[in-house]
Amino acid sequence: MVPISYYLVLAAILFSLGIAAYLVKRNVITIFISIELMLNAVNLTFIAFAHQWNKLNGQIFVFFVMVVAAAEAAVGLAIIIALFRSRQTLNVDQVNLLKG
Amino acid sequence: MEFSYLWWIPLLPFAGFLINGLVGRKFPRTVVAAIALLFTAVPFGLVLKLASTMFASGGPEQISLAGAPWISVSGFTVNFAFNVDHLTLLMLLIVTGVGFLIHLYATGYMAHEEGYWRFFAYLNLFMFFMLVLVLAANFLLLFVGWEGVGLASYLLIGFYFKKDSAANAGKKAFIVNRIGDFGFLLAMFLIIAQFHTLNFTEVFAQIAAHPEWQGGMMTAIALLLVLGATGKSAQIPLYVWLPDAMEGPTPVSALIHAATMVTAGIYMVARSHVLFAHSPTALSVVAVIGALTAIFAASIGLVQNDIKRVLAYSTVSQLGYMFLACGVAAYTGAIFHLMTHAFFKALLFLAAGSVIHAIGGEQDMRAMGGLRKKIPVTFWTMTVGVIAIAGAPPLAGFFSKDEILYQTFASGHVVLWAIGLVTAGMTSFYMFRLWFKTFFGEFQEPAHDTHHGDDHSHAHGVHESPAIMTIPLAILAVLSIVGGWVGIPKAFGGSMEIEHFLSPVFGEPAAVAATASHPSEFGLAAVSVLVAAIGFIFAYVFYYKKPGTLGALAEKNRGLYNVLANKFYIDEIYNGLIVVPTLMFTRLFLAGFIDKGVVDGTGATLGLTAKGGGYLARKIQSGNIRSYAGWLALGAAVLLIAMTFGLKAFGATH
Amino acid sequence: MSSALLSILPEVVLTVTGVLIMLADPFFAPKASKKALGWLAVLGTLGAAGATLLQLRTHQILLTFSGSIQMDTFSVFFHLLIASIVLLTLLVSLDYFKPGATSHSGEYFALVLFGAVGMMLMTCSVELLMVFIGLEISSISTYILAGYRKGQATASESSLKYFLLGSFATAFFLYGIALAFGATGTTSLNGIASGLSVTAFPTMAFLALAMMLVGLGFKVSAAPFHVWTPDVYQGAPAPVVGLMSTAPKAAVFAVLLRITATTYSSELLHARWVWLIGIIAVLSMTIGNLGALLQKDAKRMLAYSSIAHAGYLMVAYTALPADSIAAAAFYTAGYAAMNVGAFAVISQLGGYDEPLRTIDDYRGLAQKHPVLAAALAFFLLSLIGIPFTGGFFGKFYVFNAAIGAGHVWLAVLGLLNSGVACFYYLRLLTALYSRKLGEEGGEFEGSSPAAAIAIAGAVLATLLLGVLPGKVLGLAQRGATVQVSRNR
Amino acid sequence: MTIDSSILSLIVFFPTVGAILLALLPANPTLQKWGALVVTLLTFLFTLHLPAHYQYGLTGYQFEVNVPWIASPAIRYHLGVDGLSMWLVVLSGFLAPLGVLISWRAIDRREKLFYTLFLLQQTAMIGVFVALDLFLYYGFWEWSLVPMAILIATFGRTDKRAKAALKYFLYAFIPSAILLVGMLWVYAQTGTFDLPMLQQMGASHSISSNHAALWLASLAFLVAFAVKVPVFPLHGWLSDAIFEAPTAAVMVLAGKLGLYSILRFSFGIFPEQSRQIAPLMIALGAIGIAYGALVALVQTDLKRLAAYSTLGHLSFITLGIFSFTVAGIDGGVYQIINHGISGGALFMLLGALYERYGTYDMRELGGVAQKLPWMVTLFVITALSNIGLPGLNGFVGEFLTLSGSLQTIYVAHPMLWTTIATTGVIFGAGYMLWAIQRVFYGGMGRRPDEVSGWDLDAREQVALWPMAVLFVVMGVASPYWMRAIDSFGAGAAGRTAVTDVHVYPNPTKNLALPETPVSSTEGGAH
Amino acid sequence: MHLALFFIFGGLAVLAALNLLLQRHPINSALSLVVVMMSLAVLYWSLGAEFLAAAQIIVYSGAVMVLFVFVIMLLNAGEEERTRGSKIASIAGFPGAAAIFCLLSFVFLSEGHKLGLSHLGGSLDEASSNISQISSLLFTDLLLPFEVTSVLILVAILGAVVLAKKER
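Protein chains in written order, with our numbering: chain A, 1 to 100; chain B, 1001 to 1654; chain C, 2001 to 2488; chain D, 3001 to 3526; chain E, 4001 to 4168.
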């Protein structure tokens, strides 16, 4: 018997680690990976709450999040490829032509 | 309306102005002159007609002519309205009569000038405004004429606008007059606030009905009016424009700056005598200003070398007399002197013009001499003028000046009387000085010095002026002799007709005059004649007998001489104390600090602040995704905290 | 027609058209002009607009698909708005891709249509799941559209920034949904609305709303979540910017309105929400306007301006329900008309490769293209908020609502901001009408006929919204009444 | 639709129609010029309908048209004129053709743009004068900025034109934004934008009971208007805008709109607050008069000189209207018209001078009178009108405003402020005459020496002489105009029982000794 | 038992996430994420979401992560350079992240008593399996989202084609 709040805190930890990773990582792909981490944290929250409320909606939401994440991954990686083609770099710190 | 022809008195000159001003350029000179003369002569005729009506026994003492409203707002209306009483009539006679003569003279004098049409247009314009001034039935209409003559004076002084000095003098005249007008305006505002009308009859009736109103507001109004008068009538402290005004053509000096316009201040004070009667303070101020101006200007006149400037300072000095007369409530004396002065001063100026004309534009008396034979008519007429102003009986100046001095003495202002007396001596001296320097001594071949004085470079050889100029001289000379006879006091066996004539306006002669003994009046007259004789003797000695002694004297008293020659440095003092500081203050503080600094600076500072904000906003926009994520994270955190714990800090209780 | 089909008819029409375009695309040579497909898309959009009008005529509120779709005047308003924006964008884009510029011009039209499907779905969904999916469809398609000019180094950067930051924000939004679900046990907006007032977890509800606000704030580029906007707009193709600065924002604002409506029943919640939004509004206006002051690039400047406009719009959210909803809805319409128009002109001037970017490049434009310049000037005036333009009435209603609700300070700050704003709009405007041409000699491209129609349409819309706002406002007010009546 | 109810709409929108026509016509300079001239002349003719059919005995609005426009918020298309606005409309109509005439040669490129904007500006301006719905008014008010800003930005004469245009726009727009807040607040309180209704509410103190809020709202109104006037020290934009703007634009740049708005809206909606702030405004007016004249005195550029002169003249009006005396308000309104004509003529002449010598710098000019006699004639007449020579129009207005300011009961020392204000007549003469001297008199300046100028041509004479004639006619026949104005002024000065305003019993008490006449029973100033 | 399961896999997930953060090579990060996902799958299962647990492994860590790894390999991404591109990320971002974490944990823990306890593998409805419940829901009530997802995927495909395809 684990309190639901434990799951939620775990999700919060993962979410924050995702943010942190986003901030730390220089490689575009890794940053993208961090986002996936955040999404996973949210998924965990959903499932925990679904358990709490004893409702399937939460779980189904997670299912859709997975689909969306897959779609995003396809597009995101395509964008990254396009970027790499034009810039020859994956380092975000060097992607700053647009500023000011 | 029986008297509706009065409207034409000012309007005809105005028509002349319009015709000459708009299309005169295309006319030949004779036509221009004819128009100008015609539109001056007819009003003169109308005035004569009017005079005959009013002089006739049983004739009206006062004629009121109300026209359309000019300014009309709820609770306050000013009409175009004329009011003719004996004072006005006298002024009308002087203005139109002397005005016509001077017009006549000018047709000859200006015959070869460029802008002939312009000159006569301006001259007619002047006539228009001057006539409005004297005819006006309320302060505001008077003010129209008042400012209008100032405008005409401005235009005529600056007639030779190519010359910087002329343009400057015109401007100076206008601006100094405006300082006076500033006072006049304020006086009118106060009158409106107090009486809700500007009509002479109503205002004075209200005042007269309340003998208990003394000082206070009355003094304030009166003093402000006096400020106006000092401007127009060239009194201390605003006399400075008049000597410079001699930059204008000589007929202008004669008409405007001697005979008519400059007397407007006297006229206005006399017109407001009911008001002044309620303010002894103001009267004293007037008297003191007058006396001081008289002697002050006379002392400067002692050493001037420009013939017209001598006459100009003399005018200022004589106006001082009139002021003095007003100040001692001897309004009749003031008006009397105003009239005689109009005759002889116009004569003097015209004669001086004739002299200048004769010798090709030279105005410096040091370059003159021995003209007696060359231009006899001018010489003789001028001699009459000089004697008249010097105050020798039985010429006009004697009676009027004597009346003023007597009234001053009789009213107990002994010091002022003494000042007046000394001034009389000085007047005699500088006039004869002028006379001797111009007509006696060695004849000098005129140097054609075109930059100096009127532009008379056409003159070849010294010659007498044409008849069209000498005839007015002659007429004025006659008037200068006989003009005073209307005011021969009883002590001399006269009947003081002018006093009776003006009594509907000023009331019966003051008790002091009535009770004064004839012997004292006779004695005083003798003293003044003596003083005038002393003046003559000095002039005779220094400038005829032993020319050069005075030079030595001046050398010894270099300091005093310089002070006088430089007109007490008043222009410089005004410049240094008022004009330059004002300009510096404006340039540095107002335009520099307030306008550029505060007014513009506030806007600029706000703009810069906004731009600084823009710079910061751009700084945030570093282009780095991780930074952006950082902002997002921070923003999210703040938002979450704010939402969770409420916004008590912001007082969000709603 | 079944009510279920009717309720999503516009989306269906658009989807079908999009699919048709995709099917037809292979029949064209890769780099050939695909204008025909564009016209097809235009037809589809017109069809969708027609379908929306059909919805409008039913005069009823349809709750379909197990309560996840709600067809009401509110949704119809935004459907029409989005359809109009898409229509103008398509018209502007018809000649935007010159033959040979890219081999994907066919997909472009399909993507625009699919994106529109997502946006429309957002506005008619009352189920957060549908909102989320709609949001993702619209987001992903705009991510792609932003990076369309692959040849440009800035394009992929723009796309990447949009994508990475967008996903980041989506995670927050999603977390918010999760928390809302946690607090109320449902992801249906109607359920949440009734659940919020009785929830056992009020703090969680606060967090949920805040998290959603982060995600949605990002999408409408409200400060402090605006950082992506200038970079993305600058790198994206002009017609796309016109689209993505208006249509998805309108959709998100609609969602935000619906979410705001859920808070009305909880006094405490609503008070906090209002204050937060007020502060976000002020921040957005200020940062947006200040940031724009020093910009040289016209698109970038307008990007900052769009941040500011998001701020103005959010002012409406602080007011009482009925007025504010109508005001906000009207504002989105006014803003859409002028902004799409402005970017339409810019896209015509700049062309695909955008040789003319900075304000200096626009110098003297009025001499070369007086009509285009006048149109742009008009849009700029509307953006400033000069009366008799849509922009003015938008602001007018918004601030009127705020003052009506007693938030005079917001109105003062907002209008002061609009004062500051006129500085940079005018800089562009005066450049248009200045004497000298730009340094490069200013070889502007003329506008294509289709784009001319679009620009004329935008001008007309802006003008109509400014002179006769009654019709649109009436629709918005009817929509607002639906929202209020449901939640009160 | 009778002619009386549609004439205002016609006047307002006819220039717009003209502008659209011009925009559609080809950019042929001659065509554009003549087109603009015809349109403006026709508009002027239409405006003349107003004085011809105005019912002078009545107060209140005439030629009204009042139809609903927008349901929510309640906005109506409500136009009308009264004694205040009628002559302003005619004045705007009168100035427009003159503006076209004077631009004939000065605008030698992009005529189409110029005249289109010029006509749009006219619509906005007249619209401001006739709108009786607060919202409608605001619309015109804001719109009046735009064509003007573009005109300055496009046709300004130096490289700083864009900056000047921006400055002008920002100065006017930012306070207008606050004005909008004030308007919306008033609407929130009253539920109406209709001016006559608001005036009634203002008079009966029923707009709001919140005094602080009313104060703030009245300030929001006043500041926006005061900047537009401009009232010292809010004139930061004036000098630069006038310096840059083309003549036709300068003629309508300052004065009218702001002052009218103060009279109509500040006084109308906030009668009490306006009186409370009167001491400040009177002081600013008086200082502005002296300040404008003094600063004008030290300018070397004619346009800047004229700009500060404008400031001075407008300050007379501020002083007058805030005295809340009949004379002050009547004179102020009259002076608005005068300034439109006299100031307009001055700028026209300066523009003509610039066409000839390409400079406004007095240091480069001089002796021009020798070459251009007509020019100098008209210039002197105009200058005299500007410095308020009696018998010309300027005097009537100045005299009334100053006499009004002395009678005001809303400041403690009316004499002091009136005295300061009256110094303006001295300095005013100073800078004007000095300018005339430096430009026209004396020796030949550098430019006139190099460039052969030409005297006023027929077109310019046609444009200028009507103004010169008006100077005189308005100077001697003021009642013709005043009767309409007075019906407004008497109302505005005496409007409502004003509570809560400190009133000083006798305006000239400070000067008067106890025994002097105190005829306060007659109560000239109410 | 349940608690141990939670702590073991929860701990694993956190450690893997930390590893993700600390590793410098993208591949390592990607694989760390796979570990996180695997651990979460266990936790999903423990919360009664069997279907999602399976999907997590098959779809997420299987398909999606493979895509990541594939792209990493395709682009031949090497170790990250530690460039200093952003100060804000650490100045503003980390405090932000920490604050978010603290706030969330605080809220969850303080409201924890109101939240219930989880029971291991507790199916939501004893009568049918998790999968059948989900699928019945998916094809009835949630049919529309399901269908709309197809549009999403269509967009994604389009995007991938448009962006990743080389222009000839």
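From the three backbone atoms N, C-alpha and C, an ideal C-beta is built for every residue, glycine too.
Contact of residue 1617 of chain B with chain C by beta-carbon distance below 7 Å involves 2287, 2290 and 2291. Residue 4001 of chain E is classed as exposed because its beta carbon has fewer than 16 other beta carbons within 10 Å across all chains shown. Look at residue 3175 of chain D here: in three-state DSSP terms it is helix. Between residue 3152 of chain D and residue 3240 of chain D, the alpha-carbon positions lie close to 10 Å from each other. Using a CB distance below 9 Å, the part of the segment 3061-3073 of chain D facing chain C consists of 3069, 3070, 3071, 3072 and 3073, ordered along the chain. Out of C:2010, C:2161, C:2027 and C:2016, the CA that lies nearest to the CA of residue 2056 of chain C is found in C:2010. Distance from the Cα of residue 1187 of chain B is smallest, within the candidate group D:3099, D:3328 and D:3399, for D:3399. Here residue 2311 of chain C is buried: its Cβ has 16 or more other Cβ atoms, across all protein chains shown, within 10 Å. Under the 8 Å Cβ criterion, the segment 2454-2468 of chain C counts as touching the segment 2335-2354 of chain C, having at least three qualifying pairs. Distance from the CA of residue 71 of chain A to the CA of residue 3111 of chain D, rounded to the nearest whole angstrom, comes to 58 Å.
Taking CB atoms only, residue 2462 of chain C has no neighbour in chain A less than 8 Å away. Annotation: residue 1072 of chain B to residue 3488 of chain D spans about 14 Å, alpha carbon to alpha carbon.
According to the DSSP assignment, residue 3076 of chain D belongs to the beta strand (DSSP E) that extends over 3075-3081.
Annotated three-state conformation of residue 1264 of chain B is helix, per DSSP. Considering only B:1264, B:1620, B:1213 and B:1646, the residue with the shortest C-alpha distance to residue 1280 of chain B is B:1213. Only residues of its own chain outside the window of five on either side were considered, and among them 58, 59 and 62 have a CB closer than 7 Å to the CB of residue 47 of chain A, listed in chain order.
Under the Cβ criterion of 8 Å, residue 4083 of chain E is counted among the residues facing chain A. For residue 4086 of chain E, the chain B residues whose Cβ falls inside 9 Å of its Cβ are 1622, 1624, 1625, 1626, 1627, 1628, 1629 and 1630, in order along the chain. Taking the Cβ atoms as the reference, residue 3482 of chain D lies roughly 6 Å from residue 3330 of chain D, within the contact range of under 8 Å.
Residue 2071 of chain C sits in a strand when the DSSP states are folded into three classes. Runs of alpha helix (DSSP H) with 4 or more residues, each lying fully within the segment 2129-2208 of chain C, are found at 2153-2184 and 2189-2196, listed in chain order. Bounds of any alpha helix (DSSP H) do not take in residue 1064 of chain B; it lies within the beta strand (DSSP E) bounded by 1063-1073. In summary, residue 1568 of chain B is exposed, with fewer than 16 beta-carbon neighbours lying within 10 Å of its beta-carbon over all protein chains present.
Taking C-beta separations shorter than 6 Å and ignoring five residues to either side along the sequence, the partners of residue 2362 of chain C in its chain run 2431 and 2432, following chain order. Among the CB atoms of chain D, none fall inside 8 Å of the CB of residue 2012 of chain C. Take residue 2143 of chain C, set aside five residues on each side of it, and the residues of its chain with a beta-carbon closer than 8 Å to its own are 2159, 2162, 2163 and 2166, in chain order. With respect to residue 3365 of chain D, residue 3303 of chain D sits apart: the two C-beta atoms are not nearer than 8 Å.
Residue 1432 of chain B is a Cβ neighbour of residue 1539 of chain B, given a cutoff of 8 Å.
Here the alpha carbons of residue 2385 of chain C and residue 2016 of chain C stand approximately 39 Å from one another. DSSP, reduced to helix, strand and coil, places residue 2062 of chain C within a strand of the structure shown.
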